[in-house]
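Numbering (this note's numbering), first residue to last: 54 to 410.
Ideal Cβ positions, reconstructed from N, Cα and C, are used throughout, including at glycine.
All values reported here derive from a predicted model rather than from experimental measurement.
Have a look at the structure below before the remarks.
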Amino acid sequence: MKINLSQPDITDLERNAVLEVLNTSRLSLGPKQDEFEQRVAQYAGVQYAVAVNSGTSGLHLIIRALGIKEGDEVITTPFSFIASANCILYERAKPVFVDIDPKSFNIDVNKIEEKINEKTKAILAVDVFGHSANWDRLKEIADKHELFLIEDSAEALGSEYNGRKCGSFGLASIFSFYPNKQITTGEGGVILTNDKKIADLCRSMANQGREKKDGFWLDHKRLGYNYRMSDINCALGIAQLSRIEEIMTKRKRVAKLYNERLNFPGVEVSDYLLDENTHPFVYVIKVEEKERVIKEMAEKGIQCGEYFKPIHLQSFYGEGSFPICENIAKRTVALPFYNNLQENEISSIVEALKEIV
Ligand SMILES: *Cc1c(COP(=O)(O)O)cnc(C)c1O
């Protein structure tokens, strides 16, 4: 038996969409990019979407577009994928970590204000594992202290908070379309915003500082990057997005089967997995002896994930102490979780886990 942690869900629809682009002469900066951006913006309920080649690139461009620079501080969570803090370092600003809430795994909104000072420019909150952060409270704090609010919604496509889609709460937000995310473009990401200036600036910076998509190719108005997403990737994204309801139904089914069957001592189903408004990115349980569980599951051919190793404990960060985050991270294990995980496979995973814990 071999069960992967994650697996993309690619059908003939996606294969044909990619082939169709390959048969044209427009492989990048073409019509598929416009269409993908419009569809993602509409799905998230925001005005503008800018396709980029990764979620990480999207975060970097947001930090630059907001003018965050050396000497500035950005408040963020240590319990996340490392890119949500690295993007702050890219511009030589300082990530200031705030410990997390042990139930939601998201940044603890009650501990943010004590970290705000005159250098603080923004709060970058993450919808961890697809579970929405507390955006009402985050917005209140950001407004009160005149801070930018950035949403890393890389893991939360489809999730909702107060009837609104995640990805719509930041002054600027991102999704990622890496193959383990809810939908994939191979590699890719998107910046979401209702602010036209931010959208235009990000679009220009993603395309070598060009002002217009169809403008003079060698005219560069500002320092830019090649963070473009090709039309091949965008076509893949359009096809995936057209199947979003089916994809979300499949994922909910897998989560529900796990929720029902993981009802024995030694395994704790995380709270976010029981929230109807959350579309999990990964299925993370809590166990004692995390490392042993991951190792012994691997010996049975079941790949589990280490979500997360706290960012402040990564070697090149290496400072600070966030006891709740560290305690949670000691116990969290991601089980295999993807659209087409079969019921008999879920049974095998649950049985293996029961034996091991
Ligand atoms: C996946 C992820 C990213 C980065 O997205 P990429 O497309 O892989 O660059 C950023 N933040 C979080 C929370 C993520 O899970």
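- Message: Given the structure, does THR385 come close to ligand 1, in the sense that its CB is under 7 Å from one of the ligand's heavy atoms?
- Response: By one-based count along the sequence shown, residue 385 stands at place 332. Not under cutoff, so the answer is no.
- Task: Specify, as a first and last residue, the run of the beta strand (DSSP E) that GLU359 falls within.
- Result: Your numbering for residue 359 matches position 306 in the sequence shown. Per DSSP, GLU359 belongs to no beta strand (DSSP E) and is neither H nor E.
- Message: If contacts are defined as beta-carbon pairs under 8 Å, then GLY241 and SER107 qualify, I think. What distance do you get, rounded to the angstrom?
- Response: Taking the sequence shown and counting its residues from 1, one reaches residue 241 at position 188. Taking the sequence shown and counting its residues from 1, one reaches residue 107 at position 54. Between SER107 and GLY241 the Cβ distance is about 7 Å, and since that is below 8 Å, they are a contact.
- Query: So, is THR302 buried or exposed, given that buried needs 16 or more other C-beta atoms within 10 angstroms?
  - Reply: In the sequence shown, residue 302 corresponds to position 249, counting from 1. Label assigned to THR302: exposed.
- Spatial neighbours of ALA97 in its chain, beta-carbon cut-off 6 Å, leaving aside the 5 residues before and after: On the sequence shown, position 44 is the one that residue 97 refers to. Excluding sequence neighbours, ALA97 sits near LYS218, GLY220, SER221, LEU245.
- Looking at the unbroken beta strand (DSSP E) that takes in ALA146, where does it start and where does it end? Locating residue 146 in the sequence shown gives position 93, counting from the first residue. First-last for ALA146: undefined, no H or E at that position.
- Task: List the whole-angstrom C-beta distance separating ASN57 from GLN356, where the pair is believed to meet the contact cut-off of C-beta under 8 Å.
- Result: Mapped onto the sequence shown, residue 57 falls at position 4. Mapped onto the sequence shown, residue 356 falls at position 303. About 5 Å; that satisfies the 8 Å criterion.
- Closer than 7 Å: THR109 CB and nearest ligand 1 heavy atom: Working through the sequence shown from its first residue, we reach residue 109 at position 56. Answer for THR109: yes, Cβ within range of ligand 1.
- Which residue's Cα is closest to the Cα of ILE251: ASN316, ASN397, TRP270, ALA102? Taking the first residue of the sequence shown as 1, we reach residue 251 at position 198. Measuring from the Cα of ILE251, the nearest candidate turns out to be ALA102.
- Message: Residues in the same chain with beta-carbon distance under 7 Å from ILE402, minus the five sequence neighbours each way, listed in chain order, please.
- Response: Locating residue 402 in the sequence shown gives position 349, where the first residue counts as 1. Excluding residues within five positions, the ones whose Cβ falls inside 7 Å are ILE56, ILE355, LEU388, PRO389.
- Message: Suppose the cutoff is 7 Å on Cβ atoms and the five residues either side in sequence are ignored; what does the same chain contact list for ARG79 look like?
- Response: Taking the sequence shown and counting its residues from 1, the one referred to as residue 79 is at position 26. For ARG79, where only same-chain residues beyond five positions count, the Cβ hits under 7 Å are ASP284.
- Item | 6 Å Cβ shell around ARG314 - same chain, five flanking residues per side excluded | Position 261 of the sequence shown, counting from 1, holds the residue named residue 314. Cβ neighbours of ARG314 beyond the five flanking positions: VAL403.
- Item | C-alpha gap between PRO363 and ALA382, whole angstroms | Taking the first residue of the sequence shown as position 1, residue 363 is located at position 310. Taking the first residue of the sequence shown as position 1, residue 382 is located at position 329. Using only the alpha carbons, I get a separation of about 7 Å.
- Query: Considering only the beta carbon of each residue, do GLN235 and PHE334 sit closer than 8 Å?
  - Reply: In the sequence shown, counting from the first residue as 1, residue 235 sits at position 182. In the sequence shown, counting from the first residue as 1, residue 334 sits at position 281. It is a contact, given that the beta carbons lie within the stated cut-off.
- Leaving out five residues before and five after ALA118 in sequence, what residues of the same chain have Cβ atoms less than 6 Å from its Cβ? Your numbering for residue 118 matches position 65 in the sequence shown. ILE251, LEU254, CYS255.
- Query: So THR238 packs on ASN312, CB below 8 Å; how close in whole Å?
  - Reply: Here residue 238 corresponds to residue number 185 of the sequence shown, with the count starting at 1. Here residue 312 corresponds to residue number 259 of the sequence shown, with the count starting at 1. Actually they do not touch by this definition, with Cβ atoms about 29 Å apart.
- Message: Below 7 Å, is the gap between the Cβ of LYS407 and the nearest heavy atom of ligand 1?
- Response: Taking the first residue of the sequence shown as 1, we reach residue 407 at position 354. No, since every heavy atom of ligand 1 falls outside the 7 Å radius drawn around the Cβ of LYS407.
- Residue environment, GLN95, which counts as buried when at least 16 other CB atoms sit within 10 Å: Mapped onto the sequence shown, residue 95 falls at position 42. So GLN95 counts as exposed.
- Item | Cα-Cα separation between ARG281 and GLN86, rounded to whole angstroms | As a position in the sequence shown, residue 281 is number 228, starting the count at 1. As a position in the sequence shown, residue 86 is number 33, starting the count at 1. C-alpha separation (whole angstroms): 9 Å.
- Residue interval of the beta strand (DSSP E) (run including ASP196): Start at 1 with the first residue of the sequence shown, and residue 196 comes out as number 143. Not the beta strand (DSSP E): ASP196 falls in the alpha helix (DSSP H), residues 188-197.
- Task: Within 10 angstroms of the Cβ of MET258, are there 16 or more other Cβ atoms? Answer buried if so, exposed if not.
- Result: One-based indexing of the sequence shown puts residue 258 at position 205. Label assigned to MET258: buried.
- Between the CA atoms of THR173 and VAL162 - distance to the nearest angstrom: As a first step, residue 162 is located in the sequence shown; it is residue number 109 there, counting from the start. As a first step, residue 173 is located in the sequence shown; it is residue number 120 there, counting from the start. Each residue's alpha carbon lies about 15 Å from the other.
- Message: Distance check for LEU406 and ASN316, CA to CA, integer angstroms please.
- Response: If you number the sequence shown from 1, residue 316 lands on position 263. If you number the sequence shown from 1, residue 406 lands on position 353. Answer to the nearest angstrom: the Cα atoms are 11 Å apart.
- alpha helix (DSSP H) runs wholly inside the region 76-146, at least 4 long, in chain order: 84-97, 108-118, 136-143
- Query: Secondary structure at ALA387, three-state DSSP: helix, strand or coil?
  - Reply: Locating residue 387 in the sequence shown gives position 334, where the first residue counts as 1. Note: ALA387 maps to strand in three-state DSSP.
- VAL307: which of GLY211, LEU191, SER400 sits nearest, CA to CA? Numbered from 1 along the sequence shown, position 254 holds the residue referred to as residue 307. Looking at the Cα atoms, SER400 is the closest of the given residues.
- Task: Counting only the same chain and skipping the five closest in sequence on each side, list residues whose C-beta sits under 7 Å from that of SER485.
- Result: The shown model of the chain, from 54 to 410, leaves out residue 485, and the question about it has no answer.
- Message: Is SER229 close to ligand 1? I mean its beta-carbon at under 7 Å from any heavy atom of the ligand.
- Response: On the sequence shown, residue 229 is found 176 positions in, with the first residue counted as 1. Yes, Cβ of SER229 sits closer than 7 Å to a heavy atom of ligand 1.
- Grab the span of the alpha helix (DSSP H) containing VAL403 for me, first residue to last. Residue numbering aside, residue 403 sits at position 350 when the sequence shown is read from its first letter. Residues 396-409.
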